[in-house]
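Residue numbering for the sequence shown follows this note's numbering, beginning at 100 and increasing consecutively.
Note that beta-carbon positions come from the ideal geometry of N, C-alpha and C, so glycine has one too.
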Amino acid sequence: MTAQPEVSHGRGGAGNINPDATEYVDGGITRQGVEGPHGDGAFSTGRGGGGNIGDAGTPPAPVRADKDVIPEAAVRASLDSNHHTGRGGAANVQLTGADAKATTASSGGKVLDGHPESTPGGATHHISLADKLKHKLFGKK
Numbered sequence: 100m101t102a103q104p105e106v107s108h109g110r111g112g113a114g115n116i117n118p119d120a121t122e123y124v125d126g127g128i129t130r131q132g133v134e135g136p137h138g139d140g141a142f143s144t145g146r147g148g149g150g151n152i153g154d155a156g157t158p159p160a161p162v163r164a165d166k167d168v169i170p171e172a173a174v175r176a177s178l179d180s181n182h183h184t185g186r187g188g189a190a191n192v193q194l195t196g197a198d199a200k201a202t203t204a205s206s207g208g209k210v211l212d213g214h215p216e217s218t219p220g221g222a223t224h225h226i227s228l229a230d231k232l233k234h235k236l237f238g239k240k
């Protein structure tokens, strides 16, 4: 039996370090082609920011000269069911189909915290005691 590497799951703390046999393949996603300008439009040379964009003024070509290569292990199945994304909060709940329609209809398209706007999918969320007190004292969150 091979020992599984220990990895961190979360923001910190010993309780978030556990053995994990998951094959991590994000590093395997690569771009193939000639590095630098190709004359086919703007390209990114880093993680973000205007300083990492080359050939920003070049109009895009109909076909790019380079291609993204994504290993089969990195391809994920479509999430055609209710799921949660992000770190938390009602805005990170993704409802699909009938669930989204039912939630929107039952809430009247409103969030129950005094805000008239609807969260994505029309989901409502619980109002904490602290938020209720802040609203009572200051008239807002």
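Cβ-based burial, residue i [other Cβ within 10 Å; buried from 16]
i: Gly106; result: Here residue 106 is Val; the residue named in the question, Gly, does not match the sequence. Answer is exposed; the Cβ neighbour count stays below 16.
i: Val174; result: exposed
i: Asn115; result: exposed
i: Val192; result: buried
i: Phe142; result: buried
i: Asn117; result: exposed
i: Thr218; result: Per-residue confidence for Thr218 stands at a pLDDT of 49, beneath the threshold of 50, marking its modelled position as unreliable; the derived number appears in the next sentence. Its Cβ being crowded by 16 or more others within 10 Å, Thr218 is buried.
i: Leu211; result: Because the pLDDT of Leu211 is 41, which lies under 50, any placement of that residue in the model is unreliable, and the question is left without a value.
Cβ-Cβ distance between residue i and residue j below 8 Å
i: Ala164; j: Asp198; result: no
i: Ala172; j: Glu122; result: yes
Residue i - partner residues in DSSP beta bridges
i: Lys166; result: Gln131
i: Gly153; result: Phe142
i: Glu105; result: Pro118
i: Val192; result: His183
Residue from the options with nearest C-alpha to residue i
i: Val168; options: Gly132, Leu228, Asp119, Gly112; result: Gly132
i: Gly135; options: Ser180, Ala120, Ile152, Leu194; result: Ile152
i: Asn181; options: Gly196, Pro170, Lys235; result: Gly196
i: Pro159; options: Gly148, His137, Asp179, Gly145; result: His137
i: Asp154; options: Ser227, Thr144, Leu194; result: Thr144
i: Leu194; options: Ala229, Phe237, His183; result: His183
i: Gly188; options: Lys235, Gly238, Ser227, Thr157; result: Ser227
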